[in-house]
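S.K.:
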Amino acid sequence: MHLTLPQAIDLALKQNRSLGLARLSVVDSEHKKEIARSAYFPNIKNESSVLHITELAGVEIPAGAFGVHPVTGPIPGQTLFIDQGALTAYTSGTGLAQPLTQMFKIRESNRAATADTNTAKIQVDQAENEVTFKVRQLYYGLLVAQLKQQAATEEIQASQIKDQEAQDAVNNGQALDVAALESRADLLDAKQTELTQRLQIHSLSLSLNDLLGLPLSTQLQLDSDSSASTLVIPSREECVRIAEDQSPAIRSAQQAIEKAKAGLSAAKDAYIPDVTGLARYSYQSGVPFLVHNFGTFGFNLTYDLFDGGRREGEIKESRTLLSEAALNLEKVKDEVSVQVETAYDKVEQLQSMVDVADQALKVRMEGARLSDRQFEQTAALASAREEAHAKAASAKASYLEAVLGLSLAQADLKRTIGEAPR
């Protein structure tokens, strides 16, 4: 699969599993915010029941309780028993409860939920920047490892020719055995270096495929031309200012303060009595002295007269959490400033390294050119020619490593100040 750096970054942002989890966390936070917001609205519910009573109390009227008439005799003529209600009663009511003074606590819980949602979104931005930077890191590392492997392969070829020349010189009596042993050792060292780079390429390929969400067996063909470009970096003072406004760590710490403030306000609101407006329409059958359909309206008030110091303890805890959040914000600001300064220093140092690597590459390329001319004029051995080309290939790998290192340091700086390292 041929893959340029921008394509790799886009693929990672689309398919990386860690980013998928971070985005799902935002969705979860938004749902929790919806749950908190629902407390603003009235709660309407129905309650219905069927009750069977084993025994009812009634009204007993003795005979003659209303007098004795000369014509009819006692009124009533015999003892009467009048039941109250029925053995089986049916009730159903639909009621509405609207919180009133609880609105203060509900508002603070919504502030806290909003802070959690904002934090989750900040973490997604941070995760995207981290993944983008990681793609650059693995992409560059794989490119450099491939170039180093090519240089090691050329070094093996040069060592093989040099070893053959040493063997011929020993056989002809022109050199001691130690020269052959030395050339053999150089050949083995070159082979070991090539194997090390091969293992490094395999390891980096697996990590990059996993980061991009590709099958681990995917063979990647990377484009070095599209990767060597440097990023535009603001001035040092501008980087510090941007970091104060956009750094994910600072923004998350600020949201933590907002959540702590909401928690403190909610703890203070616990002293406000809970007043709830009530309205209910009911139907009953079998309950004595009630009509079948009736309505009830009013208010309900609850207040904790004594809670053993729980509310005061919650206020103290919330104040402590707020102090911790404020102190953490100052700490994070200082840490981000240090990170920005350190990253900027690294960019400047790597710029100097790129200049040195460029000059070294030019020298090695000129050396390879002169070695070719000397070989053509039979003024140099084939091993010297191959060795010059191997050193040129190694210098090319070192130059690209320096250029990519500079680009990676610039990307790290942009990530630190809260910008996408693209």
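Residue numbers (the working numbering): 1126 to 1547. Ideal Cβ placement from N, Cα and C applies to all residues, glycine included.
1) As an exercise, report each continuous alpha helix (DSSP H) stretch of at least 4 residues that is fully enclosed by the segment 1195-1271, in chain order.
2) Look up A1404 in the DSSP assignment and say whether it is helix, strand or coil.
3) Can you name the start and end residues of the beta strand (DSSP E) that G1423 belongs to?
4) Which of helix, strand or coil does DSSP assign to N1141?
5) Assign L1176 to one of three DSSP states: helix, strand, or coil.
6) Which class does V1412 belong to by DSSP, given the choice of helix, strand or coil?
7) Name, in chain order, the residues that DSSP records as bridge partners for G1183.
8) For Q1379, list the residues DSSP reports as bridge partners.
9) Rounded to whole angstroms, what's the CA-CA distance from Q1274 to T1318? Just pull it up for me.
10) On a CA-only basis, which of V1457, Q1476 and I1286 is nearest A1509? Give me that one, please.
11) Should L1426 go down as buried or exposed, given a rule of 16 or more other Cβ atoms within 10 Å for buried?
12) For H1327, count neighbouring Cβ atoms within 10 angstroms of its own Cβ and tell me buried if that reaches 16, exposed if not.
13) Could you tell me which residues DSSP pairs with L1347 in its beta bridges?
14) List the endpoints of the continuous alpha helix (DSSP H) containing R1436.
15) Give the straight-line distance between the Cα atoms of G1402 and K1246, rounded to the nearest whole angstrom.
16) Taking just the CA atoms, how far does V1249 sit from R1148?
17) Using the three-state DSSP reduction, which class does D1399 fall into: helix, strand or coil?
18) Give the DSSP bridge partners of N1171, in chain order.
19) Ends of the alpha helix (DSSP H) at D1370?
20) Compare the Cα-Cα distances from Q1209 to each of P1224, V1184, G1218 and A1252 and report the closest residue.
21) Note down, in chain order, each residue of its chain lying with its Cβ closer than 7 Å to the Cβ of A1536, except the 5 sequence neighbours on either side.
22) What residue from N1168, T1244 and R1405 has the CA that sits closest to G1420's CA?
23) Alpha carbon to alpha carbon, what distance is there between L1486 and A1451?
24) With distance defined between alpha-carbon atoms, name the residue in G1220, N1141, Q1380 and D1483 nearest to A1520.
25) Could you tell me whether the segment 1493-1506 touches the segment 1213-1222, where touching means 3 or more Cβ pairs closer than 8 Å?
26) Enumerate in chain order the residues of its own chain whose CB-to-CB distance from I1231 is below 8 Å, with the five nearest sequence positions on each side excluded.
27) Return yes when the Cβ of L1221 is within less than 8 Å of the Cβ of S1332, no when it is not.
28) Using the C-alpha atoms, what's the distance from R1376 back to E1439?
29) Using DSSP bridges, identify the partner residues of V1193.
30) Can you look up G1388 in the DSSP assignment and give me helix, strand or coil?
31) Within a Cβ cutoff of 7 Å, which residues of the same chain sit near P1199, ignoring the five residues on either side of it in sequence?
32) Would you call the CB atoms of E1383 and R1236 closer than 8 Å?
33) Could you tell me the distance, in whole angstroms, from the CA atom of A1515 to the CA atom of G1266?
34) Can you tell me whether R1547 is helix, strand or coil according to DSSP?
35) Check whether the Cβ atoms of L1525 and V1472 lie closer than 8 Å to each other.
36) For D1480 and A1534, what's the separation of their Cα atoms in angstroms?
M.R.: Quick answer:
1) none
2) Mapped onto the sequence shown, residue 1404 falls at position 279. Here A1404 sits in strand by DSSP.
3) Taking the first residue of the sequence shown as 1, we reach residue 1423 at position 298. Per DSSP, G1423 belongs to the beta strand (DSSP E) from N1418 to T1427.
4) Within the sequence shown, numbered from 1, the residue matching residue 1141 stands at position 16. N1141 carries a coil assignment under DSSP once its states are collapsed to helix, strand and coil.
5) If you number the sequence shown from 1, residue 1176 lands on position 51. L1176 falls in the strand class under three-state DSSP.
6) For the purposes of this step, residue 1412 is taken as residue 287 along the sequence shown, with counting starting at 1. DSSP places V1412 in coil when its eight states are reduced to three.
7) Along the sequence shown, one-based indexing puts residue 1183 at 58. Looking at the DSSP assignment, G1183 forms a beta bridge with D1208.
8) What you label residue 1379 is simply residue 254 of the sequence shown in a count that begins at 1. According to DSSP, which records beta bridges pairwise, Q1379 is partnered with nothing at all.
9) Within the sequence shown, the letter at position 149 stands for residue 1274. Within the sequence shown, the letter at position 193 stands for residue 1318. Roughly 8 Å separates the two Cα atoms.
10) For this step, residue 1509 is matched to residue 384 along the sequence shown. A1509 has its Cα closest to that of I1286, out of V1457, Q1476 and I1286.
11) For this step, residue 1426 is matched to residue 301 along the sequence shown. L1426 comes out exposed.
12) Walking along the sequence shown from the start, residue 1327 turns up at place 202. H1327 is exposed by the Cβ-count criterion.
13) To locate residue 1347, count along the sequence shown from 1; it is residue 222. Bridge partners of L1347: L1128.
14) Residue numbering aside, residue 1436 sits at position 311 when the sequence shown is read from its first letter. R1435 to E1501 is the extent of the alpha helix (DSSP H) around R1436.
15) Taking the first residue of the sequence shown as position 1, residue 1402 is located at position 277. Taking the first residue of the sequence shown as position 1, residue 1246 is located at position 121. Rounded to whole angstroms, G1402 to K1246 spans 37 Å at the Cα level.
16) Here residue 1148 refers to the residue found at position 23 of the sequence shown. Here residue 1249 refers to the residue found at position 124 of the sequence shown. Going from the Cα of R1148 to the Cα of V1249 covers about 6 Å.
17) One-based indexing of the sequence shown puts residue 1399 at position 274. DSSP places D1399 within a strand segment (E or B) once states are collapsed to three.
18) Here residue 1171 refers to the residue found at position 46 of the sequence shown. DSSP lists T1219 as partners of N1171.
19) Numbered from its first residue, the sequence shown carries residue 1370 at position 245. D1370 -> alpha helix (DSSP H) spans R1361 to Q1371.
20) To locate residue 1209, count along the sequence shown from 1; it is residue 84. When only C-alpha atoms are compared, the closest one is V1184.
21) Translated into positions along the sequence shown, residue 1536 becomes position 411. F1258, R1261, L1356 and P1546.
22) What you label residue 1420 is simply residue 295 of the sequence shown in a count that begins at 1. Answer by Cα proximity: R1405.
23) Walking along the sequence shown from the start, residue 1451 turns up at place 326. Walking along the sequence shown from the start, residue 1486 turns up at place 361. The alpha-carbon atoms of A1451 and L1486 are separated by roughly 52 Å.
24) The residue labelled residue 1520 in the question sits at position 395 within the sequence shown. Selected option, being the one with the closest Cα: D1483.
25) Contact annotation: the segment 1493-1506 does not touch the segment 1213-1222, with fewer than three C-beta pairs closer than 8 Å.
26) Numbered from 1 along the sequence shown, position 106 holds the residue referred to as residue 1231. Taking C-beta separations shorter than 8 Å and ignoring five residues to either side along the sequence, the partners of I1231 in its chain run A1161, A1164, Y1165 and P1224, following chain order.
27) The residue you call residue 1332 lines up with position 207 of the sequence shown. The residue you call residue 1221 lines up with position 96 of the sequence shown. Their beta carbons are not under 8 Å apart, which means S1332 does not touch L1221 by this criterion.
28) For the purposes of this step, residue 1439 is taken as the residue at position 314 of the sequence shown. For the purposes of this step, residue 1376 is taken as the residue at position 251 of the sequence shown. When rounded, the distance between both Cα atoms is 26 Å.
29) Here residue 1193 is taken as the residue at index 68 of the sequence shown, counted from 1. Bridge partners of V1193: P1199.
30) Start at 1 with the first residue of the sequence shown, and residue 1388 comes out as number 263. Reduced to three states, the DSSP call for G1388 is helix.
31) Here residue 1199 corresponds to residue number 74 of the sequence shown, with the count starting at 1. Within the same chain, P1199 has close Cβ partners A1188, G1189 and V1193.
32) Mapped onto the sequence shown, residue 1383 falls at position 258. Mapped onto the sequence shown, residue 1236 falls at position 111. Yes.
33) Within the sequence shown, numbered from 1, the residue matching residue 1515 stands at position 390. Within the sequence shown, numbered from 1, the residue matching residue 1266 stands at position 141. The straight-line gap from Cα to Cα measures roughly 20 Å.
34) As a working note, residue 1547 is residue 422 in the sequence shown. Coil at R1547, not helix or strand.
35) Taking the first residue of the sequence shown as 1, we reach residue 1525 at position 400. Taking the first residue of the sequence shown as 1, we reach residue 1472 at position 347. No, the Cβ-Cβ distance between L1525 and V1472 is not below 8 Å.
36) On the sequence shown, residue 1480 is found 355 positions in, with the first residue counted as 1. On the sequence shown, residue 1534 is found 409 positions in, with the first residue counted as 1. Spanning the two alpha carbons is a distance of roughly 16 Å.
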